[in-house]
Amino acid sequence: MRDFSQDIDWLSINTATIRKQHGQEVALNTLLDQCASAGIRAVSPWRDQVAAVGLNSIAAQIRAHGMALSGYCRGGFFPAADAAGLRAALDDNRRAIDEAKILDAPCLVMVVGALPGALDGQAHYHDIARARQEVLDGLAASLEYAREVGMPLAIEPLHPMQAADRACINTLEHALDMCDALDPDATGALGVALDVYHVWWDPKLQQQIVRAGAKRLLAYHVCDWLTPTRDLLLDRGMMGDGVVELKKIRQWVEAAGFRGYSEVEIFSERNWWQCSGEQTLQVCKQRHQTVV
């Protein structure tokens, strides 16, 4: 396993981690400057943050700072109430692929979606098998275009608590089953984004990480699971503050061949989003060197 104790060369910051500071939203161009000032060499930005500043402007800023990307968040949300909605999702994912290419991202992270309308409190249908089929169909169509432009897609399985509203793929095994169905030769065009927050609990985790191997492991996200968790979406913990066996999981991931960044992705409405970006980044650096 790589030694992270002496430097932060393999630390990446998902920009959600510092998107709010002192409770207020902060623009992505400011976040990138903060990361650069902290000596952080890689980031993973969100599409809405990029759009708010401008794609070309952000691409130029990333190049000027000499930064790499560990991923681009996010594509997906394929299921829809009707045919028009399905077409709109495919169009949006095509745009996301193009954006990821302009930013020179190593992959586009796919949060695949679930029961359409559920995020707004009223699902248009309750058939989760239908949603999973629409995800499979949407991934197949998006993968065809992604192959053309050379942008790998990384399916992110989410914790089962989000099966209704955000992602109906909830285990690494299920994500890999979809990869095998759509990319049976493991060409590198389709893989997974492994977020410890969503998968740490899975009794098959080590087995499925071995199955994934280097060709399928496209991104690795770290944070921690707090006990108690006060909000299942917005109360992620800083690494070392919760119960996830971070070093053990990274050992498994690296034994399977992963050599990319450990990307810190923390949604923390009551804690880290109340701090300054500089404070949060300093703790991220320290925890990366000691507990990740």
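The sequence shown begins at 1 in the numbering used here and counts up by one.
All C-beta atoms, glycine included, are put in the ideal place defined by N, C-alpha and C.
Nearest residue (CA-CA) to residue i, options the options
i: A105; options: P79, A141, T227, I62; result: I62
i: G117; options: A164, M110, R132; result: A164
i: I249; options: N29, D120, A154, Q206; result: Q206
i: A96; options: S57, V135, W46, L190; result: W46
i: A219; options: I128, A154, D120, D33; result: A154
i: S268; options: S276, L234, V112, G240; result: L234
i: E156; options: E148, D120, A114, R230; result: A114
i: S44; options: S37, R270, L28, A38; result: L28
i: A52; options: C35, E144, E25; result: E25
i: R270; options: R230, H65, G242, C73; result: R230
i: G66; options: E144, Q279, D33, A83; result: D33
i: L86; options: G138, V112, R166; result: G138
Cβ-heavy atom distance, residue i to the ligand COA, below 6 Å
i: Q122; result: As far as ligands go, the structure on display features none, and thus does not contain the ligand COA.
Sequence-distant residues of its chain with Cβ nearer than 7 Å to residue i (five each side left out)
i: F4; result: W10, H288, Q289, V292
i: L55; result: E99, I102
i: E254; result: M1, R2
i: A186; result: K215, R216
i: D241; result: D224, L226
Cβ-based neighbour list, residue i, same chain, cut-off 6 Å, excluding 5 preceding and 5 following
i: Q274; result: G23
i: L31; result: T15, I18
i: A81; result: P116, H124
i: V244; result: V196, W200, D224, W225
i: L90; result: A141
i: N93; result: G75, S142
i: A146; result: I97, L153
i: R284; result: The question names Arg, but residue 284 in the sequence shown is Cys. So the list reads V264, once near-sequence residues are dropped.
i: C266; result: What sits at residue 266 in the sequence shown is Ile, not Cys. Within the same chain, I266 has close Cβ partners T17, C223, R236, W272.
i: L119; result: D165
i: E278; result: none
Check whether residue i and residue j have beta carbons under 7 Å apart
i: G237; j: L226; result: yes
i: V168; j: R216; result: The identity of residue 168 in the sequence shown is Cys, whereas the question assumes Val. Their beta carbons are not under 7 Å apart, which means C168 does not touch R216 by this criterion.
i: L194; j: A140; result: no
i: A256; j: V222; result: no
i: G71; j: V109; result: yes
i: E134; j: F77; result: no
i: M178; j: L232; result: no
i: Q251; j: M1; result: yes
i: R189; j: P152; result: According to the sequence displayed, residue 189 carries Ala and not Arg. Yes; because the gap between Cβ atoms is below 7 Å, this pair is in contact.
i: H198; j: H174; result: no
i: T171; j: D127; result: no
i: S276; j: Q21; result: yes
i: A36; j: A68; result: no
i: I40; j: I58; result: no
i: L176; j: A129; result: no
i: L281; j: A84; result: no
Chain-order list of residues whose beta-carbon lies under 8 Å from that of residue i (same chain, five-residue window excluded)
i: L136; result: M178, A181, L182
i: C107; result: G71, Y72, A100, M151, P152, L153, A154, G191, A193, L218, A219
i: A88; result: A80
i: K293; result: With the chain covering only 1 through 292, there is no way to say anything about residue 293.
Q.
Within 8 Å, do at least three Cβ pairs link the segment 258–272 to the segment 4–16?
A. yes
Q. In the segment 83–148, which residue ranges form an unbroken alpha helix (DSSP H) of at least 4 residues, counting only runs that do not cross its ends?
A. Note on the segment 83–148: whole alpha helix (DSSP H) runs with a minimum of 4 residues are 83–102, in chain order.
Q. Which ranges does the alpha helix (DSSP H) cover as unbroken runs of at least 4 residues, wholly within the segment 149–213, from first to last along the chain?
A. 172–182, 196–199
**Q.** beta strand (DSSP E) runs wholly inside the segment 22–67, at least 3 long, in chain order
**A.** 42–44
Q) Could you give the uninterrupted runs of the alpha helix (DSSP H) lying entirely in the segment 243–267, keeping only those of 4 residues or more? A) 246–255
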